[in-house]
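Reviewing the structure listed below.
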Amino acid sequence: MNPVLSYTLITLGGVGFVLGAALAFASKRFAVEINPLVEKIQETLPGANCGGCGYAGCAAYAEAIVLKGAQATLCAPGGQAVAQKIAEMLGLEKTVTLRRVAYLHCAGSRDKAKDKYVYDGIRDCRKAVALGGGPKACEYGCLGYGSCVTVCKFGALTMGEDGLPKVDRLKCTACGACVRECPKHLFDLLPDTTMIYLACSSHEKGKAVKDVCSVGCIGCGICVKVSASDAIELKDNLPSIDYGSSINLILAQYKCPTKSYIDQAIKRPHMSIDSKCKGHGKCAGICPVKGCISGEPGQPYKIDPLKCIGCGLCLPVCPEKAIRVVGAMGYVGMDMYN
Amino acid sequence: MDIGHFFILIIASIFINNFVLLKFLGICPYIGVSKKLDSAIGMGMAVTFVMAVASAATWVIYAYFLDPQTNIIGGTDLTFLRTIAFIIIIAALVQFVEMVIQKTSPLLYNALGIYLPLITTNCAVLGVAVLNIDEKFTFLDSLVRGFGSGVGFTLALVLMAGLRERLEFAQIPKPLRGIPIAFLMASIMSLAFMGFSGLSLK
Chain C
474 MNPVLSYTLI TLGGVGFVLG AALAFASKRF AVEINPLVEK IQETLPGANC GGCGYAGCAA
534 YAEAIVLKGA QATLCAPGGQ AVAQKIAEML GLEKTVTLRR VAYLHCAGSR DKAKDKYVYD
594 GIRDCRKAVA LGGGPKACEY GCLGYGSCVT VCKFGALTMG EDGLPKVDRL KCTACGACVR
654 ECPKHLFDLL PDTTMIYLAC SSHEKGKAVK DVCSVGCIGC GICVKVSASD AIELKDNLPS
714 IDYGSSINLI LAQYKCPTKS YIDQAIKRPH MSIDSKCKGH GKCAGICPVK GCISGEPGQP
774 YKIDPLKCIG CGLCLPVCPE KAIRVVGAMG YVGMDMYN
Chain F
75 MDIGHFFILI IASIFINNFV LLKFLGICPY IGVSKKLDSA IGMGMAVTFV MAVASAATWV
135 IYAYFLDPQT NIIGGTDLTF LRTIAFIIII AALVQFVEMV IQKTSPLLYN ALGIYLPLIT
195 TNCAVLGVAV LNIDEKFTFL DSLVRGFGSG VGFTLALVLM AGLRERLEFA QIPKPLRGIP
255 IAFLMASIMS LAFMGFSGLS LK
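Shown next as structure tokens:
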């Protein structure tokens with residue numbers, strides 16, 4: 474055999490063999506014992522390392538589940554599916570996680586909220602806040618330099634043209650990075666079934682709010698009154714709402730004089746009265762919208778579909794159950810009677 | 075064989091022959107890992123260690139097996155095997171280092187994360203091994219140069235990371251945000267380091 478060829482084989486083969494043997498030995502000698510369950514759970518987790526669970530990353534969370542008995546439902550990006558898989562691995566019963574999404578409690582866009590000075594510094598909310606609370610005249614307003622956008626690992630936040638961050642509800646995993654980052658504490662994680670929310674965080678008195686922002690909450694308390702629910706109360710000039718409850722905020726949004734509530738529903742259903750109506754007129758008495766329900770007592774009443782805001786207050790008062798929900802998106806009208 | 079010689083060697087490999095800024099090797103981890111100071115330091119330490127050990131290991135393999143003048147297999151010229159042999163050694167070394175660190179210091183292992191295996195394909199490591207041979211360095215010279223080059227790599231990475239962390243808050247024109255401004259900065263830093271090439275250490 475050609476000596477160069479044979480020496481090549483010997484040298485490279487020898488080097489490979491020696492290194493291979495050394496690595497094989499090392500892998501035994503330096504083997505780290507990992508609980509196989511930890512590894513399995515870590516594989517199940519999405520691997521985003523977002524820290525939304527409160528641990529340093531997916532690996533740390535997997536370890537905490539097995540060794541420290543952490544909850545299996547803490548992974549926000551993984552959601553229900555991952556929580557269930559982990560619960561199965563641990564032999565637990567199936568657990569339910571509620572999908573949540575980040576909501577910005579401020580609507581003070583550039584054209585709606587005033588500035589108190591011109592800021593030409595570092596484009597970062599946390600830096601801007603250091604200078605007299607930031608350039609926004611409203612102490613509670615969104616500064617719009619996008620610190621929340623930079624910390625979002627899932628691309629769920631973008632800075633809108635109006636100077637307010639926009640949440641992509643499908644991409645948001647409720648990891649809470651924006652909630653922690655925002656120096657004004659404007660973000661909140663709410664159940665993603667929340668369609669109407671209060672887009673203001675100002676605790677200022679009515680006049681002070683009016684002076685600086687056209688959509689700020691003036692603390693008039695109309696929403697609290699019309700909602701007539703324990704889940705909403707006025708605290709320090711701002712309605713405090715329990716979004717987890719089944720509170721109906723349609724009326725609050727409709728009545729709000731400053732339009733501080735935002736409704737994210739594309740289209741609300743409206744009510745319609747059918748021929749079963751005997752004309753008691755109870756619906757007209759309870760309807761909060763002027764001229765929406767019209768009719769003569771004894772004759773079938775009519776609902777103006779353009780005026781109806783879909784609050785559904787008339788549904789339970791009709792003794793003949795003649796009112797139906799029309800054009801609903803995911804609403805089952807008849808259920809609201811029960 | 076005095077201390078001064080090694081001192082000059084280290085200074086030269088950090089400043090005058092900086093692998094990233096003056097030889098343009100290892101640009102990929104340089105741009106990729108220099109976004110945060112923490113990870114830049116971690117990567118720098120790992121590369122420094124691998125460079126030093128790889129320089130020594132490749133020198134031994136080259137001198138005793140490949141080089142026709144000094145090898146122990148009858149003067150057969152196997153220098154053409156240099157690249158493949160070096161890559162095998164570096165890859166095995168990185169694997170080994172990873173295992174050892176994982177066993178001995180889980181904290182450091184977690185801190186380095188994915189950067190450890192990435193070093194396998196870092197051309198600066200192969201570069202320092204090849205240059206040691208080309209410039210006919212002795213074993214000790216190679217070891218010292220490997221270490222010094224690693225420190226130089228770390229320095230470049232840390233400087234860049236410090237700049238890029240500040241860059242986050244700067245108002246950069248939209249088309250330049252991200253990698254483009256990093257490249258511009260890297261080239262300006264490289265120009266600055268070119269000034270060291272006038273330095274003479276004798």
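Residue numbers (the working numbering), protein chains in the order written: chain C, 474 to 811; chain F, 75 to 276.
Just so you know, even glycine gets a beta-carbon here, dropped at the ideal spot from N, CA and C.
- prompt: CB-CB under 6 Å to A166 of chain F, same chain, minus the five flanking residues each way: which ones, in chain order?
  reply: Taking the first residue of the second sequence as 1, we reach residue 166 of chain F at position 92. Same-chain partners within the cutoff: there are none.
query: Residues of chain F with CB under 7 Å from I595 of chain C, in chain order?
result: Here the question's residue 595 of chain C lines up with position 122 in the first sequence. Correct list: F243.
- request: Would you verify that the beta carbon of F139 of chain F is, or is not, closer than 7 Å to some beta carbon of chain C?
  value: Position 65 of the second sequence, counted from the first residue, corresponds to residue 139 of chain F. Closer than 7 Å to some Cβ of chain C, the Cβ of F139 of chain F qualifies, so yes.
- prompt: Given that a residue counts as buried once 16 or more other Cβ atoms are within 10 Å of its Cβ, and exposed if not, what is V491 of chain C?
  reply: Taking the first residue of the first sequence as position 1, residue 491 of chain C is located at position 18. It is exposed - the Cβ of V491 of chain C has fewer than 16 other Cβ atoms within 10 Å.
- prompt: Using a C-beta to C-beta distance shorter than 8 Å, which residues of chain C count as neighbours of T150 of chain F?
  reply: Here the question's residue 150 of chain F lines up with position 76 in the second sequence. Correct list: P476, V477, Y480.
query: In the structure shown, what three-state DSSP assignment does P664 of chain C receive?
result: Here residue 664 of chain C refers to the residue found at position 191 when the first sequence is read from its first residue. Looking at P664 of chain C - three-state DSSP - the assignment turns out to be strand.
CB contact check: A499 of chain C to chain F, cutoff 7 Å: Indexing the first sequence from 1 puts residue 499 of chain C at position 26. So yes, A499 of chain C belongs to the interface.
The region 748-758 of chain C contacting the region 774-792 of chain C, beta-carbon criterion three pairs below 8 Å: yes
query: In this structure, does DSSP put S465 of chain C in helix, strand or coil?
result: Here chain C covers residues 474 to 811 and nothing more, so residue 465 of chain C does not appear.
task: Report the rounded CA-to-CA distance for L563 of chain C versus Q557 of chain C, giving the unit in angstroms.
output: Taking the first residue of the first sequence as position 1, residue 563 of chain C is located at position 90. Taking the first residue of the first sequence as position 1, residue 557 of chain C is located at position 84. Roughly 10 Å separates the two Cα atoms.
message: Assuming contact is defined by CB atoms lying nearer than 7 Å, are G520 of chain C and C531 of chain C in contact in what I supplied?
response: Position 47 of the first sequence holds residue 520 of chain C. Position 58 of the first sequence holds residue 531 of chain C. Taking 7 Å as the Cβ cut-off, G520 of chain C and C531 of chain C qualify as a contacting pair.
message: Strictly by DSSP, which residues pair up with I776 of chain C?
response: Residue numbering aside, residue 776 of chain C sits at position 303 when the first sequence is read from its first letter. Answer by DSSP bridge pairing, in chain order: C:I766.
message: Can you pull out the residues from the region 229-243 of chain F whose beta carbon lies closer than 7 Å to at least one beta carbon of chain C?
response: F243
message: Which residue wins for smallest C-alpha separation from C673 of chain C, given the options C:C615, C:D665, C:K644?
response: Within the first sequence, residue 673 of chain C is the residue found at index 200, counting from 1. Checked all of C:C615, C:D665, C:K644; the closest Cα to C673 of chain C is C:C615.
- request: With DSSP collapsed to three states, give me the class of N811 of chain C.
  value: Mapped onto the first sequence, residue 811 of chain C falls at position 338. In this prediction, N811 of chain C scores a pLDDT of 33, lower than 50, which makes its location untrustworthy; the coordinate-derived value is nonetheless stated afterwards. Here N811 of chain C sits in coil by DSSP.
- request: Can you check the region 574-653 of chain C for any alpha helix (DSSP H) of at least 4 residues that lies completely inside it and give the ranges in chain order?
  value: 598-602, 620-624
message: Any beta carbon of chain C sitting closer than 7 Å to that of Q143 of chain F?
response: Residue mapping note: residue 143 of chain F aligns to position 69 of the second sequence, counting from 1. Cβ-Cβ to chain C under 7 Å: no for Q143 of chain F.
- request: Using a Cβ cut-off of 7 Å, pull out every chain C residue sitting near K177 of chain F, in sequence order please.
  value: Residue mapping note: residue 177 of chain F aligns to position 103 of the second sequence, counting from 1. Those within 7 Å of K177 of chain F in chain C are F503, V505.
query: Hey, how far is the Cα of E612 of chain C from the Cα of K794 of chain C?
result: Taking the first residue of the first sequence as 1, we reach residue 612 of chain C at position 139. Taking the first residue of the first sequence as 1, we reach residue 794 of chain C at position 321. Roughly 49 Å between the two C-alpha positions.
message: Could you compute how far the alpha carbon of L83 of chain F sits from the alpha carbon of R219 of chain F?
response: Along the second sequence, one-based indexing puts residue 83 of chain F at 9. Along the second sequence, one-based indexing puts residue 219 of chain F at 145. L83 of chain F and R219 of chain F: Cα-Cα distance of roughly 6 Å.
message: Can you check whether the C-beta of T818 of chain C is within less than 7 Å of a C-beta belonging to chain F?
response: What is shown of chain C runs 474 to 811, which leaves residue 818 of chain C out entirely.
CA nearest to the CA of K600 of chain C, picked from F:L192, F:R240, F:I115: Counting from 1 along the first sequence, the entry for residue 600 of chain C is found at position 127. Checked all of F:L192, F:R240, F:I115; the closest Cα to K600 of chain C is F:R240.
field: Distance, G633 of chain C Cα to N522 of chain C Cα
entry: For the purposes of this step, residue 522 of chain C is taken as the residue at position 49 of the first sequence. For the purposes of this step, residue 633 of chain C is taken as the residue at position 160 of the first sequence. Those two C-alpha atoms are separated by around 27 Å.
query: V488 of chain C touches chain F at which residues, Cβ-Cβ below 8 Å?
result: Working through the first sequence from its first residue, we reach residue 488 of chain C at position 15. Result: I135, F139, A159, I162, I163.
task: Could you tell me whether any Cβ in chain C is nearer than 7 Å to the Cβ of A29 of chain F?
output: This structure leaves residue 29 of chain F out entirely; chain F is present only between 75 and 276.
Secondary structure of D736 of chain C, DSSP reduced to three states: Within the first sequence, residue 736 of chain C is the residue found at index 263, counting from 1. Here D736 of chain C sits in strand by DSSP.
message: Quick check: the Cα distance between P451 of chain C and V511 of chain C, rounded to an integer number of angstroms?
response: With chain C covering only 474 through 811, there is no way to say anything about residue 451 of chain C.
message: Going by DSSP in three states, C523 of chain C sits in which element: helix, strand or coil?
response: The count along the first sequence starts at 1 and reaches residue 523 of chain C at position 50. Here C523 of chain C sits in coil by DSSP.
message: Would L724 of chain C and P761 of chain C qualify as a contact pair, given that the criterion is a beta-carbon distance under 7 Å?
response: As a position in the first sequence, residue 724 of chain C is number 251, starting the count at 1. As a position in the first sequence, residue 761 of chain C is number 288, starting the count at 1. Going by C-beta atoms, L724 of chain C is nearer than 7 Å to P761 of chain C.
field: N- and C-terminal bounds of the alpha helix (DSSP H) containing S675 of chain C
entry: If you number the first sequence from 1, residue 675 of chain C lands on position 202. Per DSSP, S675 of chain C belongs to no alpha helix (DSSP H) and is neither H nor E.
query: The beta strand (DSSP E) with P712 of chain C in it runs from where to where?
result: As a working mapping, residue 712 of chain C is identified with position 239 in the first sequence. Where P712 of chain C is concerned, the enclosing beta strand (DSSP E) stretches over 711-714.
- prompt: So, do the region 124-143 of chain F and the region 205-220 of chain F have three or more beta carbon pairs nearer to each other than 8 Å?
  reply: yes
task: Determine the closest residue to C197 of chain F out of F:F93, F:I85, F:I77, F:D151, with distance taken between C-alpha atoms.
output: Stepping through the second sequence from its first residue, residue 197 of chain F is reached at position 123. That would be F:F93, whose Cα lies nearest to the Cα of C197 of chain F.
- prompt: Does the beta carbon of M117 of chain F come closer than 7 Å to any beta carbon on chain C?
  reply: Within the second sequence, numbered from 1, the residue matching residue 117 of chain F stands at position 43. Closer than 7 Å: no.
- prompt: Could you give the distance in angstroms between the alpha-carbon of C686 of chain C and the alpha-carbon of Y734 of chain C?
  reply: Your numbering for residue 686 of chain C matches position 213 in the first sequence. Your numbering for residue 734 of chain C matches position 261 in the first sequence. Spanning the two alpha carbons is a distance of roughly 14 Å.
query: At least one CB of chain F closer than 7 Å to the CB of L604 of chain C: is that the case?
result: Within the first sequence, residue 604 of chain C is the residue found at index 131, counting from 1. Cβ-Cβ to chain F under 7 Å: no for L604 of chain C.
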